[in-house]
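Read the structure below first, then the notes.
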Amino acid sequence: MHGEGDKGECSMLDRQKYDPPGYSRTTFLRHALQCVIAVIAAGAAVASLPYWGGDDFPLMGLIVYVAGMVFVAMPLCLYYESLLQSHEERVERARHMLAG
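Quick look at the structure:
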């Protein structure tokens, strides 16, 4: 996701041209997912601050990170993937309808 966009059969211009609402939804959700992952990582780092420089393992930071990724980020990833697949299907249908 680092500047490359989503991979697939359709180009970015095709996505914008044939399904603009789907393109804007997938783009918004991609950015929201990146923000959620960053917030979870920052929360885990903040939770582990008291343990920095000590001999104890920052268990609370690990718990925050794993719980956030499993219960928040993973459902968002699954929703994003399904949204992206349906968007690409709509773009392919539109391309085939206009070509044929």
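So for the sequence shown, this note's numbering puts the first residue at 29; every next one is plus one.
Quick reminder that beta carbons are idealized off the backbone N, C-alpha and C, glycines included.
All values reported here derive from a predicted model rather than from experimental measurement.
Report the rounded CA-to-CA distance for residue i versus residue j, giving the unit in angstroms.
i    : j    : result
G96  : Q62  : 13 Å
G71  : M102 : 17 Å
G81  : A75  : 14 Å
C105 : L77  : 28 Å
H30  : F56  : Confidence is the limiting factor: at H30 the pLDDT is only 47, short of 50, which leaves the residue's position unreliable, though a coordinate-based value still follows. For H30 and F56, the distance between alpha carbons rounds to 15 Å.
L123 : Y93  : The question names Leu, but residue 123 is Arg in the sequence shown. Their Cα atoms are separated by approximately 42 Å.
M40  : Q113 : 14 Å
Would the beta-carbon of residue i be found less than 7 Å away from any heavy atom of the ligand ATP?
i    : result
L104 : Ligands are entirely absent from the displayed structure, and the ligand ATP is therefore not among its contents.
Any idea if residue i is buried or exposed, counting beta-carbon neighbours within 10 angstroms, 16 or more meaning buried?
i    : result
Y107 : exposed
R121 : exposed
Review point. What are the complete alpha helix (DSSP H) segments, minimum 4 residues, inside the segment 40–125?
Key: 40–46, 48–75 and 87–96
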